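Enquirer: I am attaching a structure below and will ask some questions about it afterwards.
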């Protein structure tokens, strides 16, 4: 028995690089499933936290995942728009209080979210500086965007054009 341990020890000490690679591979194989489990559980928890306060989403035909990600995190995939008539129909059913979201344009790579004042109440958002928008063209900028772009109340920001060189396209 001692000869086996001695032989194994001599092999490990002679093949140090090979031994290190073998130990690293076995460690990765053992740790990877645990790390993935932790990562997936945390992702599920974070997605569920925000989604719990948005129990019902209504959108045009298309990918439900795109609709959810765009509504919760304002992602790049823009689902097809629906009319305000759909919001009126939801309001008439008393199933939910419709809050429209229009997320198509960007300003300096940050999404512009067109919505109503009800969104601020629903998400329990508070204004720390400045006022809520009262006229067309005014906007409320989140704290993170304000900090990154160094904007203060009263500053101006221009939306990014969708098609820069298409003269007949949407203007900023």
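In the working numbering, the protein residues as written are 3 to 174.
Where is the CB? At the ideal position from N, CA and C, for every residue including glycine.
Being a predicted model, the structure only gives us computed values, none of them experimental.
1) Taking contact to mean at least 3 C-beta pairs separated by less than 8 Å, is the stretch 64-84 in contact with the stretch 93-106?
2) Quick check on the burial criterion: 16 or more other C-beta atoms within 10 angstroms. Buried or exposed for residue 31?
3) Does DSSP put residue 16 in a helix, a strand or coil?
4) Keeping to the same chain, check which residues put their C-beta closer than 7 Å to that of residue 109; ignore five residues upstream and five downstream.
5) Are the beta-carbon atoms belonging to residue 84 and residue 116 less than 8 Å from one another?
6) With 16 other CB atoms within 10 Å as the buried threshold, where does residue 143 fall?
7) Per DSSP, what kind of secondary structure is residue 35 in: helix, strand or coil?
8) On a CA-only basis, which of 81, 10, 51, 59 is nearest residue 65? Give me that one, please.
9) With 16 other CB atoms within 10 Å as the buried threshold, where does residue 155 fall?
10) Tell me the start and end of each unbroken beta strand (DSSP E) in the stretch 99-162 that is at least 3 residues and wholly inside, in chain order.
11) Less than 8 Å between the CB atoms is what I'm expecting for residue 122 and residue 134, so what's the real figure, rounded?
12) Within a Cβ cutoff of 6 Å, which residues of the same chain sit near residue 131, ignoring the five residues on either side of it in sequence?
13) Whose C-beta lies closer than 7 Å to the C-beta of residue 14 among residues of the same chain, with five residues either side of it excluded?
14) Rank 58, 140, 27 by C-alpha distance to the C-alpha of residue 101 and give the top, closest one.
15) Just curious, the alpha helix (DSSP H) that residue 67 is in, first and last residue?
Expert: Reading off the structure:
1) yes
2) exposed
3) helix
4) 159, 160, 161, 162
5) no
6) buried
7) helix
8) 81
9) exposed
10) 103-109, 112-117
11) 7 Å
12) 155
13) 21
14) 58
15) 66-75
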